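Residue numbers (this note's numbering): 73 to 287.
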Amino acid sequence: MKYLVPALRSSVALLGLAAIVSTFFDTATRATINPFNFFGFFTMQSNIILVVVLLIAAAVSLSGKSQSEGVILARGCATTYIAITGVVYSILLAGQEGGVTLAWANTALHVILPLYAALDWVIFSDRSPLPWNKLWVALIYPVVWIIVVLIRGATDGWVPYPFLNPAQGYGVVALFALAIAVAAVVFAVVIWAVSRIQLLQVSRSAEESASLNAR
Numbered sequence: 073m074k075y076l077v078p079a080l081r082s083s084v085a086l087l088g089l090a091a092i093v094s095t096f097f098d099t100a101t102r103a104t105i106n107p108f109n110f111f112g113f114f115t116m117q118s119n120i121i122l123v124v125v126l127l128i129a130a131a132v133s134l135s136g137k138s139q140s141e142g143v144i145l146a147r148g149c150a151t152t153y154i155a156i157t158g159v160v161y162s163i164l165l166a167g168q169e170g171g172v173t174l175a176w177a178n179t180a181l182h183v184i185l186p187l188y189a190a191l192d193w194v195i196f197s198d199r200s201p202l203p204w205n206k207l208w209v210a211l212i213y214p215v216v217w218i219i220v221v222l223i224r225g226a227t228d229g230w231v232p233y234p235f236l237n238p239a240q241g242y243g244v245v246a247l248f249a250l251a252i253a254v255a256a257v258v259f260a261v262v263i264w265a266v267s268r269i270q271l272l273q274v275s276r277s278a279e280e281s282a283s284l285n286a287r
């Protein structure tokens, strides 16, 4: 487990990075890219966050150190965001035109990484329970993202997803925005609750082992 888990996390992170970079250049071959638009998608942002967090978690594991509270909190937040990406895609966006045109990259960003992140969080136990008084941290990014998207939709007309298009009426957009916010809360609560489950033991650092043996 000492090397298996970091290897899995690094491999999935590199797959995500390859999918993001490939999608960027594939899009660039067909149109001029506005980086604010390309990276404005929740899909891209949540995958970038997950890639960074997985690489950090893998590096910490390989170093033999224990996961700090900050790293565990970042993992919980990243898992929350990528879970939203996977579920929203499967319910509202799968099969629609637009989005990620490379089939393998689309599958990686919307299916493989969300599934892996969920399994990683549920199965591997190299994390301590997340404190409930830190749940609000996981909600900052989704709320800010929704606000920015609504402002952009009302000003320059750009929206990342059709269900947030002001042309549908602001009542409909507000309903979907509220649904995303509620989903963020629900997913965060689930992620926080799951952090209390210990399924598969991952190799602990020397400090953690000594602490446990002393009890």
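We put the beta carbon where it would ideally sit given N, CA and C, even for glycine. These numbers were taken from a predicted model, which means no experiment stands behind them.
Range of the contiguous alpha helix (DSSP H) that encloses residue i
{"i": "Ile274", "result": "One detail in the question is off: residue 274 reads as Val in this sequence, not Ile. Premise fails: Val274 is in no alpha helix (DSSP H) and is neither H nor E."}
{"i": "Ile263", "result": "Tyr242 to Val266"}
{"i": "Ala177", "result": "Ala175 to Thr179"}
{"i": "Ile218", "result": "Val209 to Thr227"}
{"i": "Leu126", "result": "Phe114 to Ser135"}
{"i": "Asn109", "result": "Pro107 to Phe110"}
Simplified DSSP assignment, three categories, for residue i
{"i": "Gly88", "result": "helix"}
{"i": "Phe196", "result": "strand"}
{"i": "Ser83", "result": "helix"}
{"i": "Pro78", "result": "helix"}
{"i": "Arg147", "result": "helix"}
{"i": "Ala100", "result": "helix"}
{"i": "Ser138", "result": "coil"}
{"i": "Asn237", "result": "coil"}
{"i": "Ala166", "result": "coil"}
{"i": "Trp230", "result": "coil"}
Inter-residue CB distance, residue i and residue j (contact presumed, cutoff 8 Å)
{"i": "Arg102", "j": "Ala129", "result": "About 35 Å; that fails the 8 Å criterion."}
{"i": "Leu187", "j": "Ala256", "result": "Not quite, the Cβ-Cβ distance comes to about 19 Å (not below 8 Å), so this is no contact."}
{"i": "Ala189", "j": "Ala150", "result": "7 Å"}
{"i": "Gly225", "j": "Leu236", "result": "6 Å"}
{"i": "Ala85", "j": "Leu126", "result": "4 Å"}
Closest Cα partner of residue i within the set the options
{"i": "Val38", "options": "Val77, Phe110, Tyr153 and Val84", "result": "The question about residue 38 has no answer, for the chain in this structure spans 73 to 287."}
{"i": "Ala177", "options": "Tyr213, Ser138 and Ser94", "result": "Ser94"}
{"i": "Asn119", "options": "Glu141, Ala166, Ala180 and Thr104", "result": "Ala180"}
Buried versus exposed, by CB contacts within 10 Å (16 or more), residue i
{"i": "Trp230", "result": "exposed"}
{"i": "Ile144", "result": "buried"}
Beta carbon proximity, residue i to chain C, threshold 8 Å
{"i": "Lys137", "result": "Among the protein chains of the structure shown there is no chain C, as only one such chain exists."}
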